[in-house]
Amino acid sequence: MKLGVTAWSTFSTLLYWAHAFNNPPGVDIWCGKAYRADNASFAPGGWLEEPVKSTTPLLDFKISPRMNIYLETYLIRKEVFSLTPPSRTFSSGFFGNAKLSLKIFTNGSAITSVNQTSVNVNTVNNEIHLSLEPFPAALHPYNVTVFGTLSQSNATVFTASTQLYKLPSRVDGGSVTRLDNLYGGLSVRKGAETEWSLIFPFTYYVQWTLYWNSSLSTLDEFAAMGYNVIHIVPTGELGDTPFPWNKFEPYLERADKLGLYLQYDVRWEWANLSADIILTDVYPIGNNNTYSTVYNTPCNTTYGCCGCDDCVGVFEDISDRLDNFAHFDELLGWSKTHWAAPQAFGNETFWTRFPTAAEEVVMNMLSINHGAKGVNMWDFPTSSDILAVTNRLATVLTSQRVASFLLGAPLIQKLNVEGATRVDVAAWLGSSSMLLSVVNLNYGNLAGPISVTLPEGAVAISITSSLWGNIQWSIKGNKVETDNLLGLGVSLIIVALE
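Per mature numbering (1 follows the signal peptide of the UniProt record, and there is no 0): the sequence shown = residues -20 to -1, 1 to 478.
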């Protein structure tokens, strides 16, 4: 097992929320705000407040298991990775190059089978390898505590705790899904398989009464399009009871035979109490984001509903939302996985049109560039143009080759672009190759030369594959360069590294 350790000096103090919602009695709200013309605006509250700086240096010391669950048949890997910390907005404090000497305990007993016993302060994502052999499989978690002694402050000791699950293997032939606490991705193990497979979920929300309930063969049709997950929105008869087994079980059995994984809404049920995965539904295409055409009111930070809360009506609404959510996670001191729910609908309520095929690809890839570890578009059925292009995109994004980057390598965001603006670039840096995603947010073509500076330390040898787009790239030192980018053009390439 690998235990992730973060030791970061900060000047941040305790975070707090403003009171949840302040709506007066009888005032309907959406996203916390009054939106009906006969209701007045009020301060909705519920904002996440930035922490106040502390005058005393503080140490942010956290640990977590690499995977949220392990099984009793887990095989120990020998590799230990040293990962580069992401950019932080916190001060590095006075700790400088100090080290934390570590002692790890479980249920009060020391663990000695670890590969390293110290970490540097001001680093994150340190992985410590330890054996799971001393942990018998059980349905209860093991409590793990790490004591970190700081060498430069009179042996000050810091404490961090987590829980480790090592579960019995399934004997009923069912599958197991687990979450990677380092990269945020999912991996699955089916039936009698002994290896885990990464899965990048790429699918649509699909309402039961709009598609699935017509025939069991809809599953075969959906799988043939290239999607790897079905998300059933329980409308109609499925909305009365969370799991009406007589109606539902044949679909589960058929989905299992087809290799489709299941995601299911349990809205308004007792099980809908928390989340490991957070989806962002930003729908900026074809709507007026300053005036509600449905409720005839203005839309701003305290009033109105225009279908895309606090949006401007540009693609950056999507990336800004994902970046903000990641920042909120950092402030709250937890690590959540984020997925995207791009807009794949139109001609209704606030939205005067469907996105074009090019806009759909931009919204999907921009979300992935900004940390989305899965995509669940709203909703299916969609337009023929959107369906055709997402079918093609599904064959790329659901492949193990791409999943190994998106879910198994560090993401480097917002790479520097010269020669153009509003071009969003991200890279996933493997040991011998790199996945590079370039998204042009401009509707017009861009004339070059346009260059992208590669991540620090990455030395490119050649471009080995072009997975999406027809853009011709060349390597120029520590950059890749092209002569032009088409409007709303997207390029996904694999670059071989020294």
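Note that the Cβ used here is the ideal one computed from N, Cα and C, for glycine as well.
All of these numbers come straight from a predicted model, not from anything done at the bench.
Only residues of its own chain outside the window of five on either side were considered, and among them G266, N267 have a CB closer than 6 angstroms to the CB of W331, listed in chain order.
A straight line joining the alpha-carbon of L162 with that of M47 spans about 8 angstroms. Closest in C-alpha terms to H211, from the list W188, P224, E461, comes W188. Only buried fits N106, as 16 or more other CB atoms lie within 10 angstroms of its CB.
A Cβ-Cβ separation of about 7 angstroms places L28 in contact with L311 under the 8 angstroms criterion. Between the alpha carbons of L387 and L434 lies a distance of about 20 angstroms. CA-to-CA, the gap between V274 and T35 works out to about 49 angstroms. Here H350 carries a coil assignment [DSSP, helix/strand/coil]. For D365, the enclosing alpha helix (DSSP H) starts and ends at 364 to 377. Runs of beta strand (DSSP E) with 3 or more residues, each lying fully within the region 442 to 471, are found at 454 to 456, 459 to 465, listed in chain order. The way I'd put it, the region 108 to 118 does touch the region 74 to 91; three or more beta-carbon pairs between them come closer than 8 angstroms. Under DSSP, W10 shares a beta bridge with K13. Under the three-state reduction of DSSP output, K316 falls in the coil class, being neither helix nor strand. DSSP places T198 within a helical segment (H, G or I) once states are collapsed to three. Per DSSP, M205 has no beta bridge partner at all.
Under the three-pair Cβ rule at 8 angstroms, the region 365 to 384 counts as touching the region 175 to 183. Runs of the alpha helix (DSSP H) lying entirely within the region 375 to 438 and spanning at least 4 residues, in chain order: 380 to 386. Following the DSSP letters along the chain, one finds E233 inside the alpha helix (DSSP H) bounded by residues 225 to 238. Residue pairing by DSSP puts R158 in a beta bridge opposite S167. Only exposed fits C11, as fewer than 16 other CB atoms lie within 10 angstroms of its CB. With contacts defined as CB atoms closer than 8 angstroms, V376 and L466 fail to qualify as a contacting pair. Boundaries of the beta strand (DSSP E) harbouring F85: 79 to 86, taken from the DSSP string.
Contact between L144 and A117 fails: their C-beta atoms lie close to 12 angstroms from each other, not under 8 angstroms. In the structure shown, H109 adopts extended strand secondary structure according to DSSP, grouped into three states.
Across the structure, F360 and F202 are spaced so that their CA atoms are roughly 10 angstroms apart. The three-state reading of DSSP puts D40 in strand, counting E and B together. Per DSSP, reduced to three states, the secondary structure at E328 is strand. According to the DSSP assignment, V355 belongs to the beta strand (DSSP E) that extends over 355 to 360. Taking a 10 Å sphere around the C-beta of Y191, we find 16 or more other C-beta atoms and assign the residue as buried. Under the three-state reduction of DSSP, H307 is assigned to helix. It is roughly 11 angstroms from the alpha-carbon of I455 to the alpha-carbon of A476.
For T142, the three-state secondary structure derived from DSSP is strand. Take the alpha-carbon of Y50 and the one of N123: they are about 14 angstroms apart. Straight-line measurement puts the Cα of A337 at about 17 angstroms from the Cα of I298. Non-local beta-carbon contacts of G284 in its own chain, meaning distances under 6 angstroms to residues more than five positions away in sequence, involve Y15, S272, T277, P278 in chain order.
Annotation for H350: S299, L302, D303, Q393 place their beta carbon closer than 7 angstroms to its own, counting only its chain and skipping 5 residues before and after.
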